[in-house]
C-alpha cells in the first residue's frame, strides 16, 4: 500500500465527526427541497392493520392512545393523522386519549388538522365530522393502571370530563362506546414501552384487540408481539407511517375523496433514503479504512 | 423563500438551532435551550397534574359538602401518604418516603406479575409452537421454523449451568448469530429513527420557518 493511500485511510478514521454531521445535514436537506419520488410499498404488518380497520364492523370504534411526547413527533404524528383520516373516511367512530400528559397537545393538533380537512370538504351535516357524535377526545388521566383497567369497565368513569371540559356522560358518542367491548381496535402510538402495558393490562384482562405505532428504534422489540398475534399489525417508524399514508390515500381516492392532502411521512422518504445511503457509505468506508490499516499494523 | 411572520415559529426555530449548535461544540445557547426545555416540560406537567388530578379528585371532593365524611378522611389520608414523597428533601425523616414507594411497588407488582407472565411468557411461547397451521404457505412455514430455531439457540446461549460441549456448543454459537442479527436490525432501525427526528426538524426549519418547501 502506498504511503499516500495509507495516510488517507488513517485520516479517514480520525475525521472530525462534525464533517459527518455536515454531510448528513446536506444529504437530508437537499431531498426535502428537491424531492425525488418514492412510493413506499406497504409491508405485511402495515397492511394487516389497515385491512383490519378497513373491515371493522360499523358499530365498533377505533381508539387511539397518543402515548408519545413532542421529541418523537416527526415519526409518530403522521401515524395519528393517517389513522384519523382512515377512520373518518370509512365513517368509524373514534375515541382519543393520552397516556402521557405531553401527548395531549399532539392529539389535539392531529384532531384539529384532520377534522378541518374533512369538514372543509363536507357538503352536508352527514358528511361532517362532529365532536361528540363521530369522535371524542377523552384527554388524559393518571395512573396508567387505572386508565387501562378502568376503560374495560366504564370509560366515562375513567374520564368523567373530556379534554375540553364536557361531561363525557352527556356526549351522544359515549352511549355507543361504553368500554372495550365497543372498541374494535385500540392503537397505541408510543415512543416507549407503553404498548407492552396495554397488552399486559387491557388485553390480558379484557381481550381488547391492540395494535401499535412505534418509533423505529423500538420496532425490533415489538415484532414478537406481531408474530404472536398480540398486536394486529404494526406501524414502525416514519417508514411505517408513510406506508400507511399510501394505503389511506388509495382508500380515500376509492371513496371519491381526492383532496391532495399532505403526507408528511411520505414526503420525508426521499431524505430518509438519501440519509441511509450516506450512512451505509460511511460504514463501508470506515470498515475499509479500519481493516486496511489494521493489516498494515500487523 | 417565504419567511414566517409568526413569532412562535421564530422562537421554535431559534431554539432548534440553539440545540443543534451542540453538534459543533458545547456553548451557552445550547445550555439556555436545554434548561428552558426541562423547565417548561416540568411546568407543563405540574400544571396538568394540579388542574386535572389534584383539584378535581382531591380538593374539590374534600371541599364539597355532599362528600361523606368517611370519604373525606380516606382522601386526606391518601393525600398525606402521597405527600410523604417530599420527605426526601428533609434528611432527618427521609426514611418516610419508603411508605408511599412500598405501597406503589406492592400494588404495581401485584397487578403486573400475573399478567406479564401470561402476556410475555405464555403467549410468546405459544407463538413459537409449530402446528400444521404454521405451514399455510411455505414462506410462513419457513419463518416459523427459523423463529423456533432462533428462540432455542438464543436461550441456549444464555444457559450457563453447564459447560458448552456436545450439541450445546454449536447451538449456542448459532444463538450468537441470531443475537447479532437482532442487534443489526435494532441498529438499522435506530439509524432510521434518529434520521426521522432530524428530518422532522428540517421540515420545520425549511418549511414552516423559511418557507423553502411547501
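Chains as they are written, first to last, in the working numbering: chain P, 3 to 300; chain C, 46 to 259. Every residue, glycine too, gets a C-beta built ideally from N, C-alpha and C. Since the model is a prediction, treat every value here as computed from it, not as a measurement.
Worksheet item: In whole angstroms, what is the alpha-carbon distance linking residue 186 of chain C and residue 259 of chain C?
Response: Rounded to whole angstroms, residue 186 of chain C to residue 259 of chain C spans 47 Å at the Cα level.
Discussion item. Within a Cβ cutoff of 6 Å, which residues of the same chain sit near residue 33 of chain P, ignoring the five residues on either side of it in sequence?
Written reply: 272, 273 and 276
Practice prompt. Closer than 6 Å by C-beta to residue 11 of chain P: which residues in its own chain qualify, once you throw out the five before and the five after it? Chain order, please.
Written response: 291, 294 and 295
Fill in: Backbone CA spacing between residue 58 of chain C and residue 83 of chain C [nearest angstrom]
For residue 58 of chain C and residue 83 of chain C, the distance between alpha carbons rounds to 17 Å.
Worksheet item: Who pairs with residue 179 of chain P in a beta bridge, going by DSSP?
Response: Answer is none; residue 179 of chain P lacks a bridge partner.
Discussion item. Is residue 171 of chain C close to chain P? Criterion is C-beta to C-beta, closer than 9 Å.
Written reply: Interface residue, yes.
Worksheet item: With distances taken between CB atoms, is the gap from residue 284 of chain P to residue 22 of chain P smaller than 9 Å?
Response: Taking 9 Å as the cut-off, the beta carbon of residue 284 of chain P is found closer than this to the beta carbon of residue 22 of chain P.
Item to complete: Consult DSSP for residue 129 of chain P and reduce its assignment to one of helix, strand or coil.
Response: coil
Worksheet item: Going by C-alpha distance, which of C:146, C:169 and C:182 is nearest residue 123 of chain C?
Response: C:146
Practice prompt. Measure the alpha-carbon distance for residue 220 of chain P versus residue 236 of chain P and round it to whole angstroms.
Written response: 11 Å
Practice prompt. Run down chain C in chain order and give the residues with a C-beta less than 8 Å from the C-beta of residue 156 of chain P.
Written response: The premise fails here: residue 156 of chain P is roughly 17 Å from chain C at the closest Cβ pair, so nothing lies under 8 Å.
Practice prompt. Give a yes or no on whether the C-beta atoms belonging to residue 243 of chain P and residue 64 of chain P are separated by under 9 Å.
Written response: no
Discussion item. On the CB-based measure, 16 or more other CB atoms within 10 Å of its CB, does residue 47 of chain P come out buried or exposed?
Written reply: buried
Worksheet entry | Contacts that residue 207 of chain P makes with chain C (C-beta to C-beta distance below 8 Å) | 160
Worksheet entry | Validate contact between the region 82 to 99 of chain P and the region 245 to 265 of chain P using beta carbons, cut 8 Å, 3 pairs | Under the Cβ criterion (8 Å, minimum of three pairs), the region 82 to 99 of chain P counts as touching the region 245 to 265 of chain P.
Worksheet entry | Of the listed residues P:191, P:69 and P:96, nearest to residue 175 of chain P (C-alpha basis) | The candidate whose alpha carbon is nearest that of residue 175 of chain P is P:96.
Practice prompt. Could you name the residues of the region 143 to 167 of chain C whose beta carbon sits closer than 9 Å to any beta carbon of chain P, in the order they occur along the chain?
Written response: Correct list: 149, 152, 153, 156, 157, 159, 160, 161, 163, 164 and 165.
Discussion item. What residue range does the beta strand (DSSP E) around residue 234 of chain P cover?
Written reply: 233 to 238 is the extent of the beta strand (DSSP E) around residue 234 of chain P.
Worksheet entry | Proximity test, Cβ basis, 9 Å: residue 141 of chain P and chain C | yes
Practice prompt. Please confirm if residue 213 of chain P has its CB atom under 9 Å from at least one CB of chain C.
Written response: Using a Cβ-Cβ cut-off of 9 Å, residue 213 of chain P does not count as an interface residue toward chain C, since no Cβ of chain C sits closer than that to its own.
Worksheet entry | Residues near residue 182 of chain P in its chain [Cβ-Cβ closer than 7 Å; skip 5 each side] | 153, 154, 204, 208 and 210
Worksheet item: Whose Cβ in chain C lies nearer than 8 Å to the Cβ of residue 226 of chain P?
Response: 169 and 172
Discussion item. The beta strand (DSSP E) that contains residue 137 of chain P, what's its start and end?
Written reply: 137 to 142
Worksheet item: Along the chain, where does the alpha helix (DSSP H) that runs through residue 48 of chain P open and close?
Response: 46 to 56
Fill in: For residue 187 of chain P: DSSP bridge partner residues
Answer is P:64, bridged to residue 187 of chain P.
Worksheet item: Ends of the beta strand (DSSP E) at residue 100 of chain P?
Response: Start and end: 96 to 100.
Discussion item. Can you check whether the C-beta of residue 130 of chain P is within less than 9 Å of a C-beta belonging to chain C?
Written reply: no
Discussion item. What would DSSP say about residue 51 of chain C, mapped onto helix, strand or coil?
Written reply: coil
Discussion item. Short of 8 Å in beta carbon distance, which residues of its chain neighbour residue 79 of chain C, apart from the five on each side in sequence? Order them along the chain.
Written reply: 64
Worksheet item: Closer than 9 Å, CB to CB, is residue 187 of chain C near chain P or not?
Response: no
Worksheet item: Can you tell me the Cα-Cα spacing of residue 185 of chain P and residue 223 of chain P, whole angstroms?
Response: 26 Å
Worksheet item: Using a C-beta cutoff of 9 Å, does residue 147 of chain P count as contacting chain C?
Response: Yes, contact with chain C.
Item to complete: Measure the alpha-carbon distance for residue 164 of chain P versus residue 216 of chain P and round it to whole angstroms.
Response: 25 Å
Discussion item. Please report the distance separating the alpha-carbon of residue 286 of chain P from that of residue 278 of chain P.
Written reply: Near 12 Å, if we compare the C-alpha coordinates of residue 278 of chain P and residue 286 of chain P.
Item to complete: Locate the alpha helix (DSSP H) running through residue 215 of chain P, then write down its first and last residues.
Response: Careful: residue 215 of chain P lies outside any alpha helix (DSSP H), inside the beta strand (DSSP E) at 212 to 216.
Item to complete: Would you tell me roughly how many angstroms separate the C-alpha atoms of residue 137 of chain P and residue 131 of chain P, rounded to the nearest one?
Response: 8 Å
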